[in-house]
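To start, the structure under review is shown below, and the notes come after it.
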Amino acid sequence: MPEYSRFYKCDLHMHTPADDSWAGGEKLSPTSTSVEKTAAAEAFMRKCFDEKLEVIGVTDHRFACEEFWPYLLQAAT
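The opening position of the sequence shown corresponds to residue 2 in my numbering, with each subsequent residue numbered one higher.
Structural data, given as C-alpha cells:
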C-alpha cells in the first residue's frame with residue numbers, strides 16, 4: 002500500500018443539462034426526446050472528461066435526473 006496521499010480532481014456540484022446554470026451545450030427540457038437526452042448526457046460526460054474530473058456529484062435542481070439518469074450512465078460507459 003502506498004505511503005503517500007492520492008488526490009482526485011473532483012467537482013461535487015456538476016449541474017445537469019436541465020439546469021439554467023448548465024453551460025456545456027445541449028440543454029434538457031421537460032419535452033426533450035430520447036435523442037436529445039442522449040446528446041445532453043454525452044455533452045455532460047464530455048465536459049467532465051474535458052475537465053479531467055475523476056469524481057463528480059450530479060446536481061439537479063430541476064429534478065430531471067429520474068428520467069435523465071439512465072442516459073447519463075450510458076454516456077459514462
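We treat Cβ as the ideally placed atom computed from N, Cα and C, and that holds for glycine. On a predicted model such as this, the values are computed, not experimentally measured, just so you know.
Inter-segment contact for the stretch 14-28 and the stretch 50-65 is present: three or more beta-carbon pairs are separated by less than 8 Å. Around the beta carbon of residue 33, 16 or more other beta carbons sit within 10 angstroms, so the residue counts as buried.
Using a Cβ-Cβ distance cut-off of 8 Å, the stretch 2-11 and the stretch 35-47 are not in contact, since fewer than three pairs of beta carbons, one from each stretch, lie closer than that value.
Around the CB of residue 48, 16 or more other CB atoms lie within 10 Å, so the residue is classed as buried.
A Cβ-Cβ distance of about 18 Å is found for the pair residue 24 and residue 76, leaving them out of contact under the 8 Å criterion.
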